[in-house]
Amino acid sequence: MYNELKNHILKLFGSNTRLDGRSFTEYRKPFKVETGFTNTAEGSARVILGKTEVLAGVKMEIMEPYPDTQDEGSIMVGAELLPLSNPEFELGPPGIQAIELARVVDRGIRESKCIDFKKLCITEGEKAWVIVIDICPINDAGNLLDVSALAAVAAIKSAKFPKFNGEKIDYKEKTNKGIELGDLPMSVTVIKIGDKYLIDPDSDEEKVVDARLTVASLSDGTLCAMQKGGDYPLAAEDIEKMIDIGLEKGKELRKLVK
Amino acid sequence: MTYKTRADGRKFDETRKIEAKVGIIPNADGSAYFKIGNTWAYAAVYGPRNLHPKFLQDPSKGILRCNYNMMPFSSSGERVRPGGSRRSKEISMVTEKALLPVLDLVEYPNSVVDVFIELPQTEAGSRCAGICAASMALADAGLAMKDLVAAISVGRVDDKIVVDLNYLEESYPDGPVADIPVAMMPNQGKITLLQMDGLISKDNLKKALEMAKKACKDIYEIQKKALKEKYRTEAEEQV
Amino acid sequence: MSEIKVKDKDIVVPGEVVALGMDIFPGSGTYREGENIISARLGLVQIDGRTIKLIPLSGRYIPKKFDTIICKVTDVSLNGWRLDTNSPYQAMLPMKEATSQFIPRGADLTQFYDIGDYIVCKIFNVTSQKLVDVTMRGVGLSKLKGGRTIQVESNKVPRIVGKQGSMVSMIKDATGCNIIVGQNGLVWINGTPENELLAIKSIRKIEEESHLSGLTDKIKEFLDNGKAKPSV
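Protein chains in written order, with our numbering: chain E, 343 to 600; chain G, 823 to 1061; chain P, -19 to 212.
What follows is the structure, given as structure tokens:
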């Protein structure tokens, strides 16, 4: 369906350039991370990368700890691909693309251990905090995975606990206490078209991706989550090179959330 | 009991601070946001476009489809479970009825104009904010419209008639309250949305609707400015 | 007394009173209500003697008879092709309109145009239900090979083309690109990577500033600056 587009993109690769003139490892501009766009949520962030814009919000709820982790709270990540953001998105319950997005962002945060679940416990076996992160794209111009992951992390970083008197949460009163955070995960999706590796694909490039690898990493280069996508296989050498790119770009992203 | 002053210091006929901007969602055919106090609505218009399934198509004209949705983190209380509710379905429907009278969709048989309203933050007056945003987005999308549509809630708090009830006034504990969302075609003065819950006399309702008319005219000026601003900023850059 | 309340090139929104009086004629984009002539869309004022009309600044393309458009093939059937016209309505290219050659019955139509191909065609019929028929028989109508296609506001196409093609010719000369502008808002560009990018950027600039004056000079300057730098 997109043969002409793919042929043209491959032709541009011959001149080491992309459809919009960027280099293979260049992020679009503008690239902004803003926190606190709303005061109804406990935490919020908005990320703009080129024409892609995503909002993320944090709400905190009280839950009964799970039976096998009586002294721990939890996180939950939800994502809805709002039809507002892309003419291809339809109304209805989250489809597989939204589900994958939410789960990949969740894994990055959960496995990084940036949130110590034990610290979310209020009373063992009875009450613990659950941090709920919701991702809502405003405009999808490509690379929702990375923009959403960044927005989620920035929202968590800016979040403050609401007042809790032991029985009921008063959402109207926020405390000054934020979530104690460890090393934050930075998520980079590297795509492969033909024999080239690119980051930050735009909508056109996403249509002709052969394979993609999302890499979440910590500041010392430890990998904490990965996801391969796309219809084509990747050789071991591809994966190694893509991880290297993911780690390098992760360092760049980390500076934006400082 | 008398309602002496409003908690946020406003005059009885004063709306909360309003901010509006057009053309903020590049993928959409038309888009806008409308912020009133702490209530913030985005609207995107896609259309006229292909309509499936076929049995929904109208061979005599295009149809309008509106969807109102609150983002999970938008409420000033608990998280809103995604997926809509009966309330959001009803608001979607009255929004559609509020916007349809200004549109002329005869040029687009068998097609649909989709309006998506999303709210990242809500604190009273959300359906009205959604309608104000949607109306600008429809104009931005180049659709034929007799007028814009402006909307505001008016009502009664105890012994006073007020414009733009905030959250505290909606749930005022010390006396009777009436909350009346109104949408109007501001230049013709015709009402396209009218709902009410609470207690109010017929005379007070008349007064409230008069105040709504004036408030909607003021909102129209803000919507007009936002639409023109999208093109003016480029002109100013040239100077 | 009659009065026109706006000037040429003003931007007006729906519901605004643009003129007063029974001897002023409401052109397209406006309607009369009593003494008033009112704007019926977001548009640019154009005053022509005693007629006032509004030029649309936005709006999806609606197929019109005799338009030359760029379409994408979405389906191949036994007797023709179904096309995406960048509008709410698909078009049909019947077998006998596909080419000036004779196509025998039962031939494999994908040999001519396959799914995903872009073609330049001409609309020869639009029914009241907006069923669209196109033809490929005519000068300048053909399959597009190579190059890339971008989408622009169909209302801006006249500005992108310019008077007698002057604007698009200027871009073609400056960038050496082959450019075809479809009236449905699809534009096909074929050239070297840097020049394609420069052509696209100048077209986007025309789109954004189409309602302002002095556009030709601004675009000329933009193209000259763009060519001076080797990488834009």
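Virtual Cβ for every residue (Gly too), placed ideally from N, Cα, C.
Between D835 of chain G and Y98 of chain P, what straight-line distance do the alpha-carbon atoms span, to the nearest angstrom?
As a first step, residue 835 of chain G must be located in the second sequence, where it is residue number 13. As a first step, residue 98 of chain P must be located in the third sequence, where it is residue number 118. Looking at the two C-alpha atoms, the distance is approximately 58 Å.
Please compile the residues from chain E whose C-beta is within a distance smaller than 7 Å of the C-beta of S897 of chain G.
Mapped onto the second sequence, residue 897 of chain G falls at position 75. Within 7 Å Cβ-Cβ: T382.
Residue ranges of each beta strand (DSSP E) run of no fewer than 3 residues wholly in the stretch 85 to 132 of chain P, ordered along the chain?
98 to 106, 112 to 115, 128 to 131
Does E422 of chain E have its Cβ less than 8 Å from a Cβ in chain G?
Position 80 of the first sequence, counted from the first residue, corresponds to residue 422 of chain E. By this cut-off, E422 of chain E is an interface position.
Residues of its chain near Y574 of chain E, where Cβ-Cβ distance is below 8 Å and the 5 sequence neighbours each way are ignored:
The residue labelled residue 574 of chain E in the question sits at position 232 within the first sequence. Same-chain partners within the cutoff: K534, D552, A553.
Bridge partners for Y855 of chain G per DSSP, in chain order?
Locating residue 855 of chain G in the second sequence gives position 33, where the first residue counts as 1. Answer by DSSP bridge pairing, in chain order: G:K843, G:Y864.
Residues bridged to P504 of chain E by DSSP?
Within the first sequence, residue 504 of chain E is the residue found at index 162, counting from 1. Bridge partners of P504 of chain E: E:K516.
Can you confirm whether the stretch 151 to 163 of chain P touches the stretch 28 to 40 of chain P when touching is taken to mean that 3 or more C-beta pairs between the two stretches lie within less than 8 Å?
no
9 Å Cβ cut-off: residues of chain E touching G127 of chain P:
Here residue 127 of chain P corresponds to residue number 147 of the third sequence, with the count starting at 1. Result: E346, H350.
By alpha-carbon positions, which one of G:R838, G:G852, G:K1036 ends up nearest to P870 of chain G?
One-based indexing of the second sequence puts residue 870 of chain G at position 48. Per the Cα distances, G:G852.
Rounded to whole angstroms, what is the Cα-Cα separation between A863 of chain G and M958 of chain G?
The residue you call residue 863 of chain G lines up with position 41 of the second sequence. The residue you call residue 958 of chain G lines up with position 136 of the second sequence. Those two C-alpha atoms are separated by around 12 Å.
Determine, using beta carbons only, whether S357 of chain E comes closer than 8 Å to chain P.
To locate residue 357 of chain E, count along the first sequence from 1; it is residue 15. Chain P contact via Cβ: present.
Hey, could you find the ends of the beta strand (DSSP E) L886 of chain G is sitting in?
Residue 886 of chain G sits at position 64 when you count from the first residue of the second sequence. Here the beta strand (DSSP E) through L886 of chain G covers 885 to 892.
May I ask you to report which of helix, strand or coil DSSP gives E582 of chain E?
As a position in the first sequence, residue 582 of chain E is number 240, starting the count at 1. Here E582 of chain E sits in helix by DSSP.
Between Q26 of chain P and N932 of chain G, how many whole angstroms is the CB-CB distance? I'm expecting something under 8 Å.
What you label residue 26 of chain P is simply residue 46 of the third sequence in a count that begins at 1. What you label residue 932 of chain G is simply residue 110 of the second sequence in a count that begins at 1. So it is not a contact: roughly 31 Å between Cβ atoms.
In whole angstroms, what separates the C-alpha of M1018 of chain G from that of S948 of chain G?
Against the second sequence, residue 1018 of chain G aligns to sequence position 196. Against the second sequence, residue 948 of chain G aligns to sequence position 126. Taking the straight line from one Cα to the other gives about 15 Å.
Helix, strand or coil for G356 of chain E? Go by DSSP, reduced to three states.
In the first sequence, residue 356 of chain E corresponds to position 14, counting from 1. G356 of chain E falls in the helix class under three-state DSSP.
Given a cut-off of 8 Å on the beta-carbon distance, is the pair R139 of chain P and M147 of chain P in contact?
For this step, residue 139 of chain P is matched to residue 159 along the third sequence. For this step, residue 147 of chain P is matched to residue 167 along the third sequence. In contact: R139 of chain P and M147 of chain P (Cβ atoms closer than 8 Å).
Below 8 Å, can you find three or more Cβ-Cβ pairs linking the stretch 346 to 363 of chain E to the stretch 449 to 461 of chain E?
no
Below 8 Å on the Cβ atoms is my guess for L990 of chain G versus S975 of chain G; work out the distance and round it to an integer in Å.
The count along the second sequence starts at 1 and reaches residue 990 of chain G at position 168. The count along the second sequence starts at 1 and reaches residue 975 of chain G at position 153. About 13 Å; that fails the 8 Å criterion.
In chain order, which continuous runs of the beta strand (DSSP E) of length 3 or greater are located wholly inside the stretch -14 to 65 of chain P?
-3 to 0, 10 to 13, 16 to 19, 23 to 28, 31 to 36, 48 to 56, 60 to 64
Counting only beta-carbon atoms, is I457 of chain E nearer than 8 Å to chain G?
Taking the first sequence and counting its residues from 1, one reaches residue 457 of chain E at position 115. Taking Cβ atoms only, chain G never reaches closer than 8 Å to I457 of chain E, which makes this a no.
Beta carbon of I587 of chain E, beta carbon of I541 of chain E: below 8 Å?
Position 245 of the first sequence, counting from 1, holds the residue named residue 587 of chain E. Position 199 of the first sequence, counting from 1, holds the residue named residue 541 of chain E. Between I587 of chain E and I541 of chain E, the C-beta spacing is below 8 Å.
Could you check which residue in G:G906, G:E940, G:K1036, G:K1050 has the C-alpha nearest to that of T837 of chain G?
Within the second sequence, the letter at position 15 stands for residue 837 of chain G. Nearest option by C-alpha distance: G:K1036.
Please tell me whether N105 of chain P and S134 of chain P are closer than 8 Å, where the distance is taken between their beta carbons.
Position 125 of the third sequence, counted from the start, is the residue given in the question as residue 105 of chain P. Position 154 of the third sequence, counted from the start, is the residue given in the question as residue 134 of chain P. Going by C-beta atoms, N105 of chain P is not nearer than 8 Å to S134 of chain P.
Is the stretch 1042 to 1056 of chain G close to the stretch 993 to 1000 of chain G, with three or more CB pairs under 8 Å?
No, they do not touch.
Name the chain P residues whose beta carbon is nearer than 9 Å to that of L523 of chain E?
Here residue 523 of chain E is taken as the residue at index 181 of the first sequence, counted from 1. Near L523 of chain E there are no residues of chain P at all, since even the closest Cβ is about 41 Å away, more than 9 Å.
At the 8 Å Cβ level, is R838 of chain G part of the contact set with chain E, yes or no?
Looking up residue 838 of chain G in the second sequence gives position 16. For R838 of chain G, the answer is no, since every Cβ of chain E falls outside 8 Å of its Cβ.
Any beta carbon from chain E within less than 8 Å of I847 of chain G's own beta carbon?
Taking the second sequence and counting its residues from 1, one reaches residue 847 of chain G at position 25. Yes, I847 of chain G lies at the interface with chain E (some Cβ there is under 8 Å from its Cβ).
Which residues in chain E have a C-beta closer than 7 Å to the C-beta of R901 of chain G? List them in chain order.
As a position in the second sequence, residue 901 of chain G is number 79, starting the count at 1. In chain order: K401, E403, V474.
Using 8 Å as the threshold, is the C-beta distance between K795 of chain G and V(-7) of chain P below it?
There is no way to answer for residue 795 of chain G, as the model of chain G reaches only from 823 to 1061.
What does V396 of chain E pair with, by DSSP beta-bridge criteria?
Here residue 396 of chain E refers to the residue found at position 54 when the first sequence is read from its first residue. Paired residues: E:V389, E:P479.
Which class does D204 of chain P belong to by DSSP, given the choice of helix, strand or coil?
Here residue 204 of chain P corresponds to residue number 224 of the third sequence, with the count starting at 1. Of the three classes helix, strand and coil, the one that applies to D204 of chain P here is helix, per DSSP.
Kindly indicate which three-state DSSP category D969 of chain G falls into: helix, strand or coil?
Here residue 969 of chain G refers to the residue found at position 147 of the second sequence. In this structure, D969 of chain G counts as coil in the three-state DSSP scheme.
Got a sec? Which residues, its chain only, sit under 7 Å from F895 of chain G by beta carbon, not counting five neighbours each side?
Position 73 of the second sequence, counted from the start, is the residue given in the question as residue 895 of chain G. R901, listed in sequence order.
Below 7 Å, is the gap between the Cβ of M150 of chain P and the nearest heavy atom of the ligand COA?
Of the ligands one can find in the structure shown there are none, so the ligand COA has no counterpart to examine.
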